[in-house]
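Peer 1: So in our numbering, spot 94 of the sequence shown is number 781, and the numbers just go up one at a time. From the three backbone atoms N, C-alpha and C, an ideal C-beta is built for every residue, glycine too. No experiment lies behind these values; they were computed from the predicted model shown. Here it is, the structure, as structure tokens.
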Amino acid sequence: MLEKPEWFLECMKGFTEGATGLGLDGNRCLGENWVVLVHMWSGFQQAAGFLEDSKLPMKNRPFPIKEWIASPEWRKVDEKVDPKRVEGDWSALRLPGLNGLVSVVAALLYWSIGAHSSKAHTFAWSKAVRDCTTALTKITSLP
Numbered sequence: 688m689l690e691k692p693e694w695f696l697e698c699m700k701g702f703t704e705g706a707t708g709l710g711l712d713g714n715r716c717l718g719e720n721w722v723v724l725v726h727m728w729s730g731f732q733q734a735a736g737f738l739e740d741s742k743l744p745m746k747n748r749p750f751p752i753k754e755w756i757a758s759p760e761w762r763k764v765d766e767k768v769d770p771k772r773v774e775g776d777w778s779a780l781r782l783p784g785l786n787g788l789v790s791v792v793a794a795l796l797y798w799s800i801g802a803h804s805s806k807a808h809t810f811a812w813s814k815a816v817r818d819c820t821t822a823l824t825k826i827t828s829l830p
């Protein structure tokens, strides 16, 4: 079994303990979709052997997560991500490591801090979490 690097352990701590007290549900947590996303990301990192050499591209990054970071071009319609478009080549997003998809999960955590101020913001954040989970599901099923 691979030893988990410090960066991974710190991220997991932030994504779990750091999310405590956030959210609008009765338990003050971010909900089941967040738990599933963190679990998917953790499995993705472990399956990749905790590689640290991947980076999300800087070019063409959309503004703050509104159209989530580095979504493949084939998912876009009129410059916006269409979350219903899920069949395509996800290999460009197979980016494990400290500078990879962890950036997206961390951004979603930070977004959650302000997102729960209104139902509309909570809905948009939840939609982004589900979309990221879908992407990780597709990425982890790649050969």
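Tell me whether the stretch 717-736 and the stretch 689-699 touch, counting them as touching only if at least three CB pairs, one residue from each stretch, are closer than 8 Å.
Peer 2: The stretch 717-736 vs the stretch 689-699: in contact.
Peer 1: Apply the 10 Å Cβ neighbour rule to asparagine 747 and answer buried if 16 or more other Cβ atoms are within range, or exposed otherwise.
Peer 2: At asparagine 747, the pLDDT of 45 sits below 50, so the modelled position is not reliable; the number obtained from the coordinates is stated separately. When all chains shown are included, asparagine 747 counts as exposed.
Peer 1: To which residues of the same chain is serine 741 closer than 7 Å at the C-beta, ignoring the five residues directly before and after it?
Peer 2: Leu782, Pro783, Gly784, Asn786 and Gly787, listed in sequence order.
Peer 1: Can you list, in chain order, the residues of its chain whose CB lies under 7 Å from that of glutamate 704, leaving out five sequence neighbours each side?
Peer 2: So no residue of the chain qualifies.
Peer 1: Taking Cβ positions, are valine 792 and valine 725 nearer each other than 8 Å?
Peer 2: Yes. Within cutoff.
Peer 1: Does valine 789 pass the burial test, meaning 16 or more other C-beta atoms within 10 Å, or should it be called exposed?
Peer 2: It is buried - the Cβ of valine 789 has at least 16 other Cβ atoms within 10 Å.
Peer 1: State yes or no: is the C-beta of leucine 796 within less than 8 Å of the C-beta of alanine 815?
Peer 2: No, the Cβ-Cβ distance between leucine 796 and alanine 815 is not below 8 Å.
Peer 1: Taking the beta carbon of glutamate 690 as the centre, do at least 16 other beta carbons fall within 10 Å, making it buried, or is it exposed?
Peer 2: It counts as exposed.
Peer 1: Could you check the C-alpha separation between cysteine 716 and glycine 736 for me, to the nearest Å?
Peer 2: Approximately 29 Å, taken between the alpha carbons.
Peer 1: Threonine 821 to leucine 780, Cα distance in whole Å?
Peer 2: Roughly 12 Å between the two C-alpha positions.
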